[in-house]
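Numbering (my numbering), first residue to last: 11 to 422.
Written as structure tokens, this is what we have:
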């Protein structure tokens, strides 16, 4: 751990579900000590109750044993320490204050205003530890949002416009299978948090970092000039192909699908050669980039007709030999077992804290390689409150009797 970039940093993790825990997972993988604070009255992080579960019986849809653990928690809880604390209890602030004195960072993903109502927002924390960086991930930002102000991934996808960037014109909105609203915001939260930590190192003063799920995802939608396409009469939704970059898209083979990206003249000539149609390179409809865009429909039909009855392996071999960027469209289960990403530990096996590897499960690693540092997620997720004695006793100095009293009062 000493060789990891964030070794020596301490994070108070007040997050639950996905967006916040993914941010703290990355910080843990980079070497920070992440102390996950969980509510003992609700069973801790809501992810602990997400099916499926892994345990002595392997992978199941319902919890059978006391030590069965949600696969969500197996993944999101790695390299973290768990303590229990009921933040609504009047005595909880004193306990949390002890953690704040020891921490560099505190992260939450409550709805806007909750931290302030609990009396544990940045103003309170900075009075205890002026250097602390407090990061909040919420649906709409610190000022709140429409309606209840609560947001989940599908709501954010709907509001961001991203649902209307996939699929074909006239089709219903397409919800991304990957919860991109939940996963993009924590990336920005980590960037903002580390930038604020560097600033605190230089000035001695921490600050509040405010990241909204809606803003994070909508900012990515705005990276592509969809409004310009609309003004020019270009379709924003183009289904399996991208006419303005033709030939470009996904196409069916006899036994699967492949992706093809050939927008340049050189790539297009390679495609035509692979198809056995070198003559198309001189065809006025396809001889230049602008011509191919103007005749994208015809060109994509030619590609589909050529590929439709050919085996996928044959198509990919031909395209590769002619220098055309192409790849098989893989199922997620195949993709996460790619030897390349496994060797680089961008995806890693998941382990149960007691039963080891169960059900041949894989989860995200830290997809960053350093030349002079290490990073990784190599410790299994903790049980609820597993580190109460170590953190409250060892780090904060509470006696066994004091911890027993706090537990009896429902504080921890």
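Where a beta carbon is used, it is the ideal one built from N, C-alpha and C, also for glycine.
The structure displayed is predicted, hence computed values, not measured ones.
It is roughly 12 angstroms from the alpha-carbon of residue 43 to the alpha-carbon of residue 405.
Annotated as distal: residue 192 and residue 146, with beta-carbon spacing of 8 angstroms or more.
Annotation: the continuous alpha helix (DSSP H) that includes residue 29 extends over 29-39. Collapsing the DSSP output to three states places residue 320 in coil.
Under the criterion of beta carbons closer than 8 angstroms, residue 68 and residue 368 qualify as touching, at roughly 6 angstroms. For the options 402, 383, 413, the alpha carbon positioned closest to that of residue 13 is the one of 383.
Residue 393 sits close to residue 92, with the two beta carbons spaced by under 8 angstroms. Scanning the region 90-161 from its first residue to its last, the whole alpha helix (DSSP H) runs of 4-plus residues come out as 102-112, 124-128, 132-138.
Excluding five sequence positions before and after residue 301, the CB atoms of its chain that fall closer than 8 angstroms to its own CB belong to 294, 295, given in chain order. Counting only the Cα atoms, residue 90 lies some 48 angstroms from residue 244. Residue 84 is positioned such that its CB atom lies closer than 8 angstroms to that of residue 64. Residue 364 has no beta-bridge partner at all, per DSSP. Distances from the CA of residue 131 to each of 106, 322, 155, 149 were compared; the closest alpha carbon is that of 106.
Beta-bridge partners assigned by DSSP to residue 46: 23, 92. For residue 359, the enclosing beta strand (DSSP E) starts and ends at 357-359. The region 266-298 is shown to contain whole alpha helix (DSSP H) runs of 4 or more residues at 275-284, in chain order.
Restricted to the region 172-238, the beta strand (DSSP E) segments that are unbroken, complete and at least 3 residues in length are 218-222, listed in chain order.
Closest in C-alpha terms to residue 223, from the list 170, 45, 303, 112, comes 170.
Within a 10 Å sphere around the beta-carbon of residue 233 sit fewer than 16 other beta-carbons, which makes this residue exposed.
Annotation: residue 265 to residue 313 spans about 16 angstroms, alpha carbon to alpha carbon.
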